[in-house]
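**Student:** Numbering (full-length UniProt numbering), first residue to last: 1 to 114. We treat Cβ as the ideally placed atom computed from N, Cα and C, and that holds for glycine. Source: prediction; values computed, not measured. Dropping the structure in here first, questions after.
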């Protein structure tokens with residue numbers, strides 16, 4: 001739909017982010033892809049708008065969908081009647097984490113000193 005304003009806060013290479021991109025492509029929805037890894041100001045903007053640090057976050061017409069998978073995004077778009085469900089396959093999994101996703105890409109610091 002041309003009346004949708006979509007801003008996606010995504011990592012350049014991540015299972016969750018690629019799933020969101022795949023859904024937006026599947027439904028031919030134009031969107032602004034804000035790279036939160038290479039542009040820290042976009043990550044800060046995402047945190048400020050969503051109230052949390054986890055990605056992907058997708059803003060649709062001012063409504064923030066925080067920490068969402070491609071599968072969840074598709075379900076939400078259909079439920080809001082922004083798109084009609086189509087059975088077109090996508091080229092990547094839409095609900096898969098990227099490697100290291102348990103710590104959301106940040107190093108885990110373990111202190112073994114007692």
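1. What did DSSP end up calling residue 22 once you bin it into helix, strand or coil?
2. Under a Cβ-count criterion, where at least 16 other Cβ atoms within 10 Å of its own Cβ denotes burial, should residue 89 be classed as buried or exposed?
3. Ignoring anything shorter than 3 residues, give me the beta strand (DSSP E) runs that lie fully in the UniProt domain "Glutaredoxin" (6–64), in order along the chain.
4. If you run the structure through DSSP and keep just helix, strand and coil, what is residue 96?
5. Rounded to whole angstroms, what's the CA-CA distance from residue 53 to residue 86? Just pull it up for me.
6. Using three-state DSSP, classify residue 69 as helix, strand or coil.
7. Could you name the residues of the same chain whose beta carbon sits closer than 7 Å to that of residue 4, not counting the 5 residues immediately before and after it, in chain order?
8. Just to confirm, is the Cβ distance from residue 70 to residue 37 under 8 Å?
**Tutor:** On the basis of the data shown:
1. Numbered from its first residue, the chain shown carries residue 22 at position 22. Reduced to three states, the DSSP call for residue 22 is helix.
2. Sequence index remark: in the chain shown, residue 89 carries index 89 (1-based). Exposed is the call here.
3. 6–10, 32–35, 57–60
4. Numbered from 1 along the chain shown, position 96 holds the residue referred to as residue 96. Here residue 96 sits in coil by DSSP.
5. Counting from one through the chain shown, the residue named residue 53 turns up at place 53. Counting from one through the chain shown, the residue named residue 86 turns up at place 86. Near 32 Å, if we compare the C-alpha coordinates of residue 86 and residue 53.
6. The residue you call residue 69 lines up with position 69 of the chain shown. Coil, per DSSP.
7. Position 4 of the chain shown holds residue 4. Contacts found: 29, 60, 61, 82.
8. Counting from one through the chain shown, the residue named residue 70 turns up at place 70. Counting from one through the chain shown, the residue named residue 37 turns up at place 37. Result no, Cβ atoms of residue 70 and residue 37 do not sit closer than 8 Å.
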